[in-house]
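To start, the structure itself, in structure tokens.
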Amino acid sequence: MAAASPEEAEPTLGPGLLPRHIAIIMDGNGRWAEQRGLHRWEGHARGARAVREIVTTARENGIQALTLYAFSVQNWGRPSEEVERLMTLLLDYLVEERDTIMDNEIRLVGIGQTQRLPAHVLKQLRFLEEESKANDKMTLTLALSYGSREEIVEACQKLARDVAAGALAPEGIDERLLDRYMYTRELPPLDLLIRTSGELRLSNFLLWQAAYAEIVVTDVLWPDFDKAEFFSCIDEFRRRERRFGKTGAQVTEELL
Ligand code: FPP
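Right, here's the structure in full:
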């Protein structure tokens, strides 16, 4: 049989440093659909297909944590039909991907104001969270009804309650402690934040966690985001020099 042509070759990720925690702002579903004369929700449906491909790709390549911005607090303000379609896609995902998640030993977690989700979606989310909680090969976090400022406000409220209860002194509050009040407390530090569709903003996503993350923006619209593009974002991450506020020379010395 003839060898596969370069176009058909399966994309692979070469050896090298892997980001432990990757988060993705999955943007551009609406534009993808509009460019094709389709309804916006058809872009979301294609976006859900991309989610499936990227979750298994991340797992197969040893990523410890993948966090996806699936629905923001502000998205509740979209037309009700679009919101309903998104909730249906989410429910379908939680039902249909159950076996893939369990077979691949992925732990699924929802973060955000998840209590605002429709009861049947929330029930399925809680079911899969519970069922997958001992899985330890990768944590898939779905940010649902999520907002980063809202997360920080909630963290401050919990901290204030602990101080008021005498469980904590104000002087005891530092970065590490505040980090433990965030939804992401059990995840590794965020290394790489990817945004699709070319927009240069964080859109209220992981503002605290992204302090030292490398940000990679691709022009590809989310429904077209595939394995090859995912690997190209990781390659871009590998080309960056992470200095965490130090000089390049200091970082090189620390590595020696
Ligand atoms: C942003 O694109 C995307 C969203 C608001 C929803 C993301 C949802 C999915 C990818 C599918 C469902 C998720 C799961 C986990 C199954 P946009 O609509 O703002 O695009 P636009 O900027 O082009 O209008």
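Letter by letter, the sequence shown follows residues 74 to 329 of my numbering.
All C-beta atoms, glycine included, are put in the ideal place defined by N, C-alpha and C.
Exercise. Which residues does DSSP pair with I15 in a beta bridge?
Worked result: Outside the shown range of the chain, which is 74 to 329, sits residue 15, and nothing can be said about it.
For this session: Give me the Cα-Cα distance between A138 and Q108, rounded to the nearest whole angstrom.
Result: Here residue 138 refers to the residue found at position 65 when the sequence shown is read from its first residue. Here residue 108 refers to the residue found at position 35 when the sequence shown is read from its first residue. Approximately 32 Å, taken between the alpha carbons.
For this session: Kindly indicate which three-state DSSP category E170 falls into: helix, strand or coil?
Result: Within the sequence shown, residue 170 is the residue found at index 97, counting from 1. For E170, the secondary structure class from DSSP, reduced to helix, strand or coil, is coil.
For this session: Excluding the 5 residues preceding and the 5 following M74 in the sequence, name in chain order all residues of the same chain whose CB lies nearer than 7 Å to its CB.
Result: Position 1 of the sequence shown, counted from the start, is the residue given in the question as residue 74. Any answer about M74 is weak, because its pLDDT of 44 lies below 50 and its placement is not dependable; what the coordinates show is given next. Short of 7 Å from the beta carbon of M74, and not among the five residues preceding or following it, lies no beta carbon of its own chain.
Exercise. Looking at the structure shown, is F298 part of a helix, part of a strand, or coil, going by DSSP?
Worked result: Residue mapping note: residue 298 aligns to position 225 of the sequence shown, counting from 1. Three-state result, F298: coil.
Exercise. Taking C-alpha atoms, which residue in I225, L159, Q186 and K300 lies nearest to G103?
Worked result: Here residue 103 corresponds to residue number 30 of the sequence shown, with the count starting at 1. It is L159 whose Cα lies nearest to the Cα of G103.
Exercise. How about Q282 and T257: do their beta carbons lie closer than 8 Å?
Worked result: On the sequence shown, position 209 is the one that residue 282 refers to. On the sequence shown, position 184 is the one that residue 257 refers to. Taking C-beta atoms as the reference points, Q282 and T257 count as a pair closer than 8 Å.
For this session: Answer yes or no: do D260 and T187 have a C-beta to C-beta separation smaller than 8 Å?
Result: Numbered from its first residue, the sequence shown carries residue 260 at position 187. Numbered from its first residue, the sequence shown carries residue 187 at position 114. As written in the sequence, residue 260 is Leu, which differs from the Asp given in the question. With respect to the 8 Å criterion, L260 and T187 are not classified as neighbours on the basis of their beta carbons.
Exercise. At a cut-off of 7 Å, is N177 close to the ligand FPP when judged by its beta-carbon and the heavy atoms of the ligand?
Worked result: In the sequence shown, counting from the first residue as 1, residue 177 sits at position 104. Not one heavy atom of the ligand FPP sits closer than 7 Å to the Cβ of N177.
For this session: Please report the residue range of the beta strand (DSSP E) in which H94 lies.
Result: As a working note, residue 94 is residue 21 in the sequence shown. Per DSSP, the unbroken beta strand (DSSP E) holding H94 starts and ends at H94 to I98.
For this session: Take the Cβ of S153 as the centre, count every other Cβ of all protein chains shown within 10 Å, and call the residue buried at 16 or more, exposed below.
Result: Working through the sequence shown from its first residue, we reach residue 153 at position 80. When all chains shown are included, S153 counts as exposed.
For this session: Tell me whether W149 is buried or exposed, calling it buried when 16 or more other Cβ atoms sit within 10 Å of its Cβ.
Result: Translated into the one-based positions of the sequence shown, residue 149 becomes position 76. Exposed, since its Cβ has fewer than 16 Cβ neighbours within 10 Å.
Exercise. Cβ of N134 versus every heavy atom of the ligand FPP: is any distance shorter than 7 Å?
Worked result: Locating residue 134 in the sequence shown gives position 61, counting from the first residue. Incorrect: N134 has no Cβ contact closer than 7 Å to the ligand FPP.
Exercise. Going by beta carbon distance, what residues of the same chain come within less than 6 Å of A317, once the five residues before and after it are set aside?
Worked result: In the sequence shown, the residue the question calls residue 317 occupies position 244. One detail in the question is off: residue 317 reads as Phe in this sequence, not Ala. Excluding the 5 residues flanking it on each side, F317 has same chain C-beta neighbours closer than 6 Å at Y285, in chain order.
Problem set entry | S221 Cβ short of 7 Å to the ligand FPP heavy atom set | On the sequence shown, position 148 is the one that residue 221 refers to. Not under cutoff, so the answer is no.
Exercise. Hey, how far is the Cα of P84 from the Cα of M99?
Worked result: To locate residue 84, count along the sequence shown from 1; it is residue 11. To locate residue 99, count along the sequence shown from 1; it is residue 26. If you take the alpha carbons of P84 and M99, they lie about 21 Å apart.
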